[in-house]
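Asks: Attaching a single structure in structure tokens format; questions to follow.
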Amino acid sequence: MFPKFLFPPLVFQTKKRNAEASPSNLPSILRVDEHSKNKYLQGHISCIRCSTCAAHLCLTTQIISKGFTGRHGRAYLVSAESTVNAPSYPGESLPNTLLQNPVSRHLVTGAHTVSDIDCAFCGNLLGWKYVSAEEESQRYKVGKFILETKKIMTTPEWDPAFGASLVESADSLKPTVARSKSIYDGIEFDSQDEDECEDLFSGLWSPGLAVRRKNRRIARHSSTLGTVP
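First residue of the sequence shown? That's 1 in UniProt numbering, and the numbers climb one at a time after it.
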């Protein structure tokens with residue numbers, strides 16, 4: 001008798017597989033496969049979050065176009081609703097964001113009135129909302145949002161209930177215009193600040209940006225004082 005250990009292992013593996021796949025074993029195999037399916041994660045959604053504090057902003061299904069350009073390069077045009085075809089109303093913002101006062105700004109595609117949007121938790125400037133457009137060909141963007149890819153991140157969520165709750169609670173999370181305005185009501189342009197003057201001439205100045213600059217300046221000053229013996 002020829003020693004079995006001299007045969008290639010594939011010979012025995014093939015016989016074993018054929019035996020396992022015999023008609024008498026098929027029902028048990030199907031039951032095991034069906035049982036194992038229940039152990040896999042069933043579906044997922046993808047969310048857009050603030051890159052600084054990971055606050056949820058919207059679903060990736062709200063992205064209308066990925067071919068836009070923001071202050072820092074590539075940007076997404078997104079809808080305020082969970083479905084792209086749903087209307088966006090002027091008073092709406094994305095969840096966990098604050099809407100600043102509208103300002104006129106000359107963009108690459110022409111003159112627009114836009115409102116910058118900040119993260120409500122960390123103040124990260126995420127992009128802006130189109131409030132109005134002078135050219136009729138650009139008015140399809142009114143009520144939509146620009147989210148800068150350098151200011152956001154995309155993450156999967158494996159809990160289907162989470163996506164449903166995010167969509168259902170979007171209205172309750174959206175801050176009102178009055179609320180977002182009141183935060184920056186006392187902020188005025190400082191003509192003695194070179195950084196603010198540069199922002200104004202560049203068309204980038206906003207109350208929120210001025211507040212963030214001053215906060216960073218205070219933080220740097222405090223850290224410098226803390227290092228002095």
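For every residue, glycine included, the Cβ atom is placed at its ideal position computed from N, Cα and C. In this text, all values refer to a predicted model and were calculated from it rather than measured experimentally.
Cα separation between S132 and F145?
Replies: Numbered from its first residue, the sequence shown carries residue 132 at position 132. Numbered from its first residue, the sequence shown carries residue 145 at position 145. Looking at the two C-alpha atoms, the distance is approximately 12 Å.
Asks: Does the Cβ of C53 have 16 or more other Cβ atoms within 10 Å, making it buried, or fewer, making it exposed?
Replies: Within the sequence shown, the letter at position 53 stands for residue 53. Its Cβ having fewer than 16 others within 10 Å, C53 is exposed.
Asks: Pull up the distance between the alpha-carbon of S93 and that of L147, whole angstroms please.
Replies: For this step, residue 93 is matched to residue 93 along the sequence shown. For this step, residue 147 is matched to residue 147 along the sequence shown. Whole-angstrom Cα-Cα distance: 12 Å.
Asks: What are the boundary residues of the beta strand (DSSP E) that includes L94?
Replies: Walking along the sequence shown from the start, residue 94 turns up at place 94. Taken as a continuous stretch (DSSP letters only), L94 belongs to no beta strand (DSSP E), as it is neither H nor E.
Asks: Would G208 pass as a contact of L125 if the rule is Cβ separation under 8 Å?
Replies: Numbered from its first residue, the sequence shown carries residue 208 at position 208. Numbered from its first residue, the sequence shown carries residue 125 at position 125. Yes. Within cutoff.
Asks: Give every residue of the same chain whose Cβ lies closer than 7 Å to the Cβ of K66, excluding the five residues on either side of it in the sequence, and list them in chain order.
Replies: Position 66 of the sequence shown, counted from the start, is the residue given in the question as residue 66. The residues are Y76.
Asks: Thinking C-alpha only, which one of V78, T113, C122 and H106 is nearest L98?
Replies: The count along the sequence shown starts at 1 and reaches residue 98 at position 98. When each option's Cα is compared against that of L98, the closest is C122.
Asks: Can you list, in chain order, the residues of its chain with a C-beta nearer than 6 Å to that of K15? Leave out the 5 residues immediately preceding and following it.
Replies: For the purposes of this step, residue 15 is taken as the residue at position 15 of the sequence shown. Confidence is the limiting factor: at K15 the pLDDT is only 49, short of 50, which leaves the residue's position unreliable, though a coordinate-based value still follows. Within the same chain, K15 has no close Cβ partners at all.
Asks: Which residue or residues does DSSP assign as beta-bridge partners of T155?
Replies: Along the sequence shown, read from residue 1 onward, the residue named residue 155 stands at position 155. Partner(s): C47.
Asks: Measuring straight from C-alpha to C-alpha, what distance separates P90 and H112?
Replies: Taking the sequence shown and counting its residues from 1, the one referred to as residue 90 is at position 90. Taking the sequence shown and counting its residues from 1, the one referred to as residue 112 is at position 112. With a pLDDT of only 42 at P90, under the threshold of 50, the placement of this residue in the model should not be trusted; the figure read from the coordinates follows. Going from the Cα of P90 to the Cα of H112 covers about 14 Å.
Asks: Is the beta carbon of W128 less than 8 Å from the beta carbon of V142?
Replies: Taking the sequence shown and counting its residues from 1, the one referred to as residue 128 is at position 128. Taking the sequence shown and counting its residues from 1, the one referred to as residue 142 is at position 142. In this structure, V142 does not lie closer than 8 Å to W128 by Cβ.
Asks: Rounded to the nearest angstrom, how far is the Cβ of S51 from that of K151, given a contact under 8 Å?
Replies: Stepping through the sequence shown from its first residue, residue 51 is reached at position 51. Stepping through the sequence shown from its first residue, residue 151 is reached at position 151. Contact holds; Cβ gap of about 6 Å.
Asks: Helix, strand or coil: how does DSSP classify D116 here?
Replies: The residue labelled residue 116 in the question sits at position 116 within the sequence shown. Of the three classes helix, strand and coil, the one that applies to D116 here is strand, per DSSP.
Asks: Identify the continuous beta strand (DSSP E) that holds Y130 and give its terminal residues.
Replies: In the sequence shown, the residue the question calls residue 130 occupies position 130. Unbroken beta strand (DSSP E) run through Y130: L125 to A133.
Asks: With H, G and I counted as helix, E and B as strand and the rest as coil, what does DSSP make of E148?
Replies: Within the sequence shown, the letter at position 148 stands for residue 148. It is a strand residue.
Asks: My guess is that T109 and Q62 are in contact by the Cβ rule of under 8 Å, so how many angstroms apart are they, rounded?
Replies: Along the sequence shown, read from residue 1 onward, the residue named residue 109 stands at position 109. Along the sequence shown, read from residue 1 onward, the residue named residue 62 stands at position 62. 21 Å between Cβ atoms; not a contact.
Asks: Keeping to the same chain, check which residues put their C-beta closer than 6 Å to that of S104; ignore five residues upstream and five downstream.
Replies: In the sequence shown, the residue the question calls residue 104 occupies position 104. For S104, where only same-chain residues beyond five positions count, the Cβ hits under 6 Å are T113.
Asks: From the DSSP output, in three-state form, read off A210 for me.
Replies: Along the sequence shown, one-based indexing puts residue 210 at 210. If DSSP states are grouped into helix, strand and coil, A210 belongs with the helices.
Asks: Taking only three categories from DSSP, how would you classify R139?
Replies: Residue 139 sits at position 139 when you count from the first residue of the sequence shown. R139 falls in the helix class under three-state DSSP.
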